[in-house]
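Enquirer: Letter by letter, the sequence shown follows residues 17 to 250 of the numbering used here. Cβ atoms here follow ideal geometry from the backbone N, Cα and C, with glycine treated the same way. Every value quoted in this text rests on a predicted model; they were computed, and no experiment measured them. Before we start, here is the structure in question, set down as structure tokens.
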Amino acid sequence: MSNRSPLILALDTSDLKTAHAWIENTQDSIGVYKLGLEFFCTFGSKGVEEIVAQHNVDIFLDLKLHDIPHTVAGATRAVSHLKPRFLTVHASGGSAMITQAVESAPETDITAVTILTSLSEEDVRNIGFANSALQSAAQLASLAVHAGARAIVCSPFEIEAIRKSVGDKPLIITPGVRPQDSQGGDDQVRVMTPAQALSRGANYVVIGRPITSLWSQGPLAMKEKAAQILAESI
Ligand code: C5P
């Protein structure tokens with residue numbers, strides 16, 4: 017199984033061979049590997065099975081399920097044999113949906129996504145939320161934890177408010193992090209360093225391109241970058 021690193025590497029590639037190579041070259045520094053919708057829609061459960069069989073790593077299956085409770089329970093059961101460490105659902109699917117997911121995959125930490133950080137305050141109001149994105153995220157996190165979710169995904173800027181609303185036990189996972197020496201040039205706008213997010217109370221940070229973009233410079237460059245980011249994070 018994976019080590020205790022707080023880094024989750026986003027395997028955002030639609031090439032299976034590349035995903036394998038990224039894992040091989042970063043396993044010393046990465047705790048969990050995130051497979052998202054693009055990977056799952058391309059390779060399905062078989063692709064995830066292949067990754068687990070070959071590398072024996074912990075998986076964050078980022079499917080962001082959101083449907084009626086019965087359907088989400090069925091979808092969760094359908095992937096439960098993969099034993100992902102984390103499986104995401106949208107907190108806004110409500111308590112019954114979250115509880116059914118929790119009951120359908122007892123070995124997995126059902127992980128609730130609160131408010132997508134791609135949404136602006138205006139978007140959040142237009143969708144119909146009465147409160148700000150921060151208040152709505154804290155409220156959704158609390159609802160999700162009461163329904164049985166064991167982890168929450170949120171922006172690094174929401175960590176403290178969410179920690180206050182859910183207590184110490186639930187795991188907090190944040191994307192939107194960039195190492196200190198990051199050159200920018202991608203689409204993450206409001207960011208923190210992994211160390212800042214972890215010191216504010218996150219348990220894991222999700223990081224992708226600051227590590228995976230080094231692939232074009234060769235396996236060693238990628239391996240060293242992952243090790244450097246881990247060293248700066250803890
Ligand atoms: O490459 P980068 O470090 O930006 O990758 C971050 C990962 O986290 C991507 O898989 C992205 O989809 C995901 N993510 C994010 N921001 C969110 C939610 C998810 O960057 N608010």
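#1: So, VAL105 versus LEU132, is the Cβ gap smaller than 7 Å?
#2: Say yes only if the C-beta of THR133 is nearer than 6 Å to one or more non-hydrogen atoms of the ligand C5P, and no if none qualify.
#3: Using CA atoms only, rank isn't needed, just tell me which of GLU54, ILE250, ILE227, ALA117 is closest to ALA37.
#4: Hey, out of LEU51, GLN43, LYS33, whose CA is closest to ALA26's CA?
#5: My guess is that VAL161 and PRO22 are in contact by the Cβ rule of under 8 Å, so how many angstroms apart are they, rounded?
#6: Write down every uninterrupted run of the beta strand (DSSP E) in the region 155 to 207 whose length is 3 residues or greater and which is fully enclosed by it, in chain order.
#7: Over what stretch of residues does the alpha helix (DSSP H) that includes GLY90 continue unbroken?
#8: What's the C-alpha gap between PHE76 and ALA146?
#9: So which of VAL193, ILE84, ARG179, PRO100 has the shortest CA-CA distance to VAL64?
#10: What separation, rounded to the nearest whole angstrom, lies between the Cα atoms of ALA149 and LYS239?
#11: What are the boundary residues of the alpha helix (DSSP H) that includes GLY237?
#12: Is ALA218 near the ligand C5P, going by C-beta to nearest heavy atom under 6 Å?
#13: Given the structure, does VAL105 come close to the ligand C5P, in the sense that its CB is under 6 Å from one of the ligand's heavy atoms?
#14: Determine the extent of the alpha helix (DSSP H) in which ILE126 is found, giving its start and end residues.
#15: Would you mind listing the beta strand (DSSP E) stretches within the region 19 to 50 that are 3+ residues and don't spill past its ends, in chain order?
#16: Under 8 Å Cβ to Cβ from ILE143, same chain only, skipping five residues before and after it: list those, please.
#17: Can you name the start and end residues of the alpha helix (DSSP H) that HIS71 belongs to?
#18: Assuming PRO186 contacts ARG216 under a Cβ cut-off of 8 Å, what Cβ separation, rounded to an integer in Å, is found between them?
Expert: Taking the definition as stated:
#1: no
#2: yes
#3: ILE227
#4: LEU51
#5: VAL161 to PRO22, Cβ: 20 Å. No contact.
#6: 167 to 169, 187 to 190
#7: 85 to 96
#8: 31 Å
#9: PRO100
#10: 36 Å
#11: At residue 237 the sequence reads Ala, which differs from the Gly that was named. Per DSSP, ALA237 belongs to the alpha helix (DSSP H) from 235 to 249.
#12: no
#13: no
#14: Per DSSP, ILE126 belongs to no alpha helix (DSSP H); it is in the beta strand (DSSP E), 125 to 129.
#15: 23 to 26
#16: LEU135
#17: 53 to 71
#18: With a Cβ gap of about 15 Å, PRO186 and ARG216 do not count as contacting.
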